[in-house]
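Student: Take the sequence shown: its position 104, counting from 1, is numbered 104 in full-length UniProt numbering, and each next residue is one higher.
The beta carbon of each residue, even a glycine, is placed where N, CA and C say it ideally should be.
One structure, as structure tokens, below. Some questions next.
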Amino acid sequence: LQKLAPFLKMYGEYVKGFDNAMELVKNMTERIPQFKSVVEKIQKQKICGSLTLQHHMLEPVQRIPRYEMLLKDYLRKLPADSLDWNDAKKSLEIISTAASHSNSAIRKMENLKKLLEIYEMLGEEEDIVNPSNELIKEGQILKLAARNTSAQERYLFLFNNMLLYCVPRFSLVGSKFTVRTRVGIDGMKILETHNEEYPHTFQVSGKERTLELQASSEQDKEEWIKALQETIDAFHKRHETFRNAIAKDNDIHSEVSTAELGKRAPRWIRDNEVTMCMKCKESFNALTRRRHHCRACGHVVCWKCSDYKAQLEYDGGKLSKVCKDCYQIISGFTD
């Protein structure tokens, strides 16, 4: 094992390319019906264990930590005077080094695996498989109806940017839910309520809907309120940091005026300076929302906000990728 352990570092290369591989599979599935059909046909085979292609792609990512865990367990049970002790210890050090190269990526993959599981629980109808989405808390809850105050069984999935309010649906295999409402964290407020007939209640008020909910106990209620409020606070903190960064960038890079768009090469804002699209404010990720630069203003935007082309004078009239705002200004067209 000591001789073979260094070869485990090759898994690091697999992990590095995992995001791009997942994005490629997603794009091909969406754009090529034949590819989608073949993948779905293979996934239905018994050998696949009813798992998706993405689930199987996750297996190599999780392999090194498994080896590390098994070797640690082996060392704990191995007598200190064993002839294998020194070799096993050196092997563990090598494997631990290999694992350290991809620990952060593995955590992301574990989160992605959980998102895939939830995606399947929701009937593959909700677009939640996005590395920028992080599951904070999930669990059963009761919903108080406004008309007759009866309690109805519901299920909540709390993410870092939204709350999914779901209704359980019948299933012979595992838990299944239908999303009734998606409530954004932006603008959400939490209020502890008091109902003599129904204890442990609290209110979730969002732009999309207000929910009167009942927890199973006072502790459960406090945990939900705490998780929701911390998620709201973290969301606003991230967006405040982003707004400040955008304001700073606008001050620094304001030399490209509206009149100069397309006539003067802009200074490109570096990828690592922003974490969200500078137009729609959606978080970037390596799977479904990658970074692109507008060739007119230099801003970092997502693919949806850069799906336009305009002739840029500074580039010899060449058709170049620009953001929606610059396209409208340069071309004079509006939606």
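1. Here's the rule I'm using: 16 or more other beta-carbon atoms within 10 Å means buried, otherwise exposed. How should residue 206 be labelled?
2. Do three or more CB pairs link the region 326-334 to the region 288-297 at distances below 8 Å?
3. Can you check DSSP and say which residues form a bridge with residue 292?
4. Spatial neighbours of residue 140 within its chain, please: C-beta separation below 6 Å, excluding the five flanking residues on both sides.
5. May I have the straight-line CA-CA distance separating residue 315 from residue 178, to the nearest angstrom?
6. How many whole angstroms separate the CB atoms of residue 136 and residue 160, which I take to be in contact at a CB cut-off of 8 Å?
7. With the cut-off set at 9 Å, would you say residue 262 and residue 192 are in Cβ contact?
8. When the distance is taken between beta carbons, is residue 114 closer than 9 Å to residue 131?
9. Leaving out the 5 sequence neighbours to the left and right, which residues in its chain are closer than 6 Å to residue 26 when beta-carbon positions are compared?
10. Considering Cα atoms alone, identify which of 200, 70, 123, 78 is closest to residue 95.
11. Near residue 181, which residues of its chain fall below 7 Å by C-beta distance, leaving aside the five closest residues on each side in sequence?
12. Using the beta-carbon count (16 or more within 10 Å), is residue 318 buried or exposed?
13. Specify the secondary structure class of residue 329 as computed by DSSP and reduced to three states.
14. Inspect the beta-carbon positions of residue 158 and residue 228 and report whether they are closer than 9 Å.
15. Using CA atoms only, rank isn't needed, just tell me which of 265, 264, 291, 260 is closest to residue 275.
16. In the DSSP assignment, find the beta strand (DSSP E) that holds residue 153 and state where it starts and stops.
17. By DSSP, does residue 135 sit in helix, in strand, or in coil?
18. Can you have a look at residue 28 and say buried or exposed, based on whether 16 or more other CB atoms are within 10 angstroms of its CB?
19. Go ahead and pull the three-state DSSP assignment for residue 281.
20. Specify, as a first and last residue, the run of the alpha helix (DSSP H) that residue 74 falls within.
21. Got a sec: does the ligand ADP put a non-hydrogen atom nearer than 8 Å to the Cβ of residue 145?
22. With a threshold of 7 Å on Cβ separation, who are the neighbours of residue 119 within its own chain once the five nearest residues in sequence on each side are excluded?
23. Under 7 Å Cβ to Cβ from residue 255, same chain only, skipping five residues before and after it: list those, please.
24. With 16 as the cutoff for other CB atoms within 10 Å, does residue 194 come out buried or exposed?
25. Please return the same chain residues whose Cβ sits closer than 8 Å to the Cβ of residue 92, not counting the five positions on each side in sequence.
26. Can you tell me which of the three DSSP states residue 176 falls into?
Tutor: According to the data block:
1. That one is buried.
2. With a cut-off of 8 Å, the region 288-297 and the region 326-334 count as touching, because enough Cβ pairs lie within range.
3. 301
4. 155
5. 51 Å
6. 6 Å
7. no
8. no
9. none
10. 70
11. 165, 208, 209
12. Burial check for residue 318: the Cβ neighbour count within 10 Å stays below 16, so the residue is exposed.
13. helix
14. yes
15. Minimum Cα distance to residue 275 is reached at 291.
16. 151-159
17. strand
18. exposed
19. coil
20. 53-77
21. With respect to the ligand ADP, the structure shown offers nothing to examine, as it has no ligands at all.
22. 126, 128, 129
23. Since pLDDT at residue 255 reaches only 46, below the 50 mark, its modelled position is unreliable, and the value read off the structure follows with that caveat. So the list is empty, once near-sequence residues are dropped.
24. exposed
25. 68, 71, 72, 75
26. strand
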